[in-house]
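Residue numbers (the numbering used here): 5 to 420. From the three backbone atoms N, C-alpha and C, an ideal C-beta is built for every residue, glycine too. Heads up, the thing below is written out as structure tokens.
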């Protein structure tokens, strides 16, 4: 074993530059694979974090305008939604709908407390709002059934709004002005997916105070028994037919109502993540292949340069297996050493990315969104990738080694 190590060391030292360049291509391959995987994981983890609290088995219905004539009615009609539509939604699909909710909004409302003020949208919601949306109660309480029945003037503020209105004091229990209407702050909620956080008040209160009547801005509901994209599309088609009969528009008129199918969107985003992951692996593997080809080339050159030496060895009785083992060992040493360097460097860079940008959030005051999170690679995957590289490097050295073994001593001795 000592002789083998000395021979490998001597060969490498005689060809320092060539070995270094080959080793660099090997290290660069594994380094780039790990860094690419880390960056891809950062994007995927951010997406998973953004959607972690979202109710993926839910849909939202928004009104629109007809784009087709229907039974003598012209296109371009404005479709509106009301409380009856929400109730009919639950009655028409009891096997698929778990719970329904709705939102009615009043925009451009100025909330003020002492010297602080903010322009915001008031959303009238039901107590099951947190079952339908990615909202979490951070403090206090949420709107309840009694608030709805008694049309109470209570309000649940987003944590961003609280920071603006109550920078130095506790918000819960305080009264705030909303252009002549006084609301009692009863809770604080958080919603990382909210691009424009609203203040939440009882559904019936918005209808009464702002004269909304029976109209609503959207219908939301959670579903069950819809397990794939085909089933989801079938449900939306059935829903359009039901609403088309109720609102007098063609079932295939997609402009009349807009359906936000979160489940289908989630499946499509998951497919996008898979494509991203595969693309990263393909790029990384091809980068690795360049290093493996480099190892194979240097072994071929080594065999050619040492052909005369191998002939003398075989003439003196050296077994073919010893020559085979010598060349393969050299290939394994180069691949393992530089592969390990590339792996360590790659892990170090991903850990550095995690420290510097591991929770990269875009904060615009009224909303925040995480777009890069935990860009690290599992150590097991890094080790597996390195082992794969070592195995590939072994195979890369095997073919030149077999060529060396197959050379007859007399031909090897004649070689220059």
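*Compute the Euclidean distance between the alpha carbons of residue 391 and residue 60, then round it to the nearest angstrom.*
Across the structure, residue 391 and residue 60 are spaced so that their CA atoms are roughly 39 Å apart.
*Are the beta-carbon atoms belonging to residue 395 and residue 261 less than 8 Å from one another?*
In this structure, residue 395 lies away from residue 261, with their beta-carbon atoms at least 8 Å apart.
_Buried/exposed call for residue 236, threshold 16 Cβ in 10 Å_ = That one is buried.
*If you draw a straight line from the C-alpha of residue 101 to the C-alpha of residue 245, how long is it?*
The straight-line gap from Cα to Cα measures roughly 16 Å.
*Measure the beta-carbon distance from residue 152 to residue 206 and round it to whole angstroms, keeping in mind my assumption that it falls under 8 Å.*
Between residue 206 and residue 152 the Cβ distance is about 5 Å, and since that is below 8 Å, they are a contact.
*In this structure, does DSSP put residue 277 in helix, strand or coil?*
The answer is helix: DSSP assigns residue 277 an H, G or I state.
*Name the DSSP bridge partner or partners of residue 184?*
Note: residue 184 sits in no beta bridge, so no partner.
*According to DSSP, residues forming a beta bridge with residue 108*: 128.
*Between the Cα of residue 140 and those of 200, 193 and 264, spot the shortest distance and give me the residue it belongs to.*
Answer by Cα proximity: 193.
*With which residues is residue 67 paired in a DSSP beta bridge?*
According to DSSP, residue 67 bridges with 261.
*asked:* So, under 8 Å CB-CB, residue 288 and residue 21 are touching, yes? Tell me the CB distance rounded to an integer number of Å.
replied: Approximately 26 Å separates the beta-carbon atoms of residue 288 and residue 21; this is outside 8 Å, ruling out the contact.
*Within the same chain, show all residues whose beta-carbon is closer than 6 Å to that of residue 188, passing over the 5 residues directly before and after it, in chain order.*
Excluding residues within five positions, the ones whose Cβ falls inside 6 Å are 158 and 179.
*For residue 295 and residue 323, the rounded distance between their alpha carbons*: One alpha carbon belongs to residue 323, the other to residue 295, and they sit about 30 Å apart.
*When burial is assigned at 16 or more other CB atoms within 10 Å of the CB, is residue 164 buried or exposed?*
Around the beta carbon of residue 164, 16 or more other beta carbons sit within 10 angstroms, so the residue counts as buried.
_First through last residue of the beta strand (DSSP E) which encompasses residue 144_ = Residue 144 -> beta strand (DSSP E) spans 140-144.
*Proximity winner among 117, 399 and 280, relative to residue 166 (alpha-carbon distances)*: A check of alpha carbon separations from residue 166 across 117, 399 and 280 identifies 117 as the nearest.
*So residue 380 and residue 358 are in contact, right, with Cβ under 8 Å, and what is the actual spacing, rounded?*
Sure, about 5 Å apart at Cβ, within 8 Å.
*Since residue 62 and residue 226 are thought to touch, with beta carbons under 8 Å apart, how far apart are those beta carbons, to the nearest angstrom?*
With a beta-carbon spacing of about 5 Å, residue 62 and residue 226 fall inside the 8 Å limit used to define contacts.
*What did DSSP end up calling residue 30 once you bin it into helix, strand or coil?*
For residue 30, the three-state secondary structure derived from DSSP is helix.
*So, helix, strand or coil for residue 134, using DSSP?*
Note: residue 134 maps to helix in three-state DSSP.
*Which of the three DSSP states, helix, strand or coil, is assigned to residue 118?*
DSSP places residue 118 in coil when its eight states are reduced to three.
*When the distance is taken between beta carbons, is residue 84 closer than 8 Å to residue 507?*
The structure shown does not extend to residue 507, since the chain is modelled only from 5 to 420, so the question has no answer here.
*asked:* Run through the DSSP bridge pairs and tell me what residue 334 is partnered with.
replied: Looking at the DSSP assignment, residue 334 forms no beta bridge with any residue, so it has no partner.
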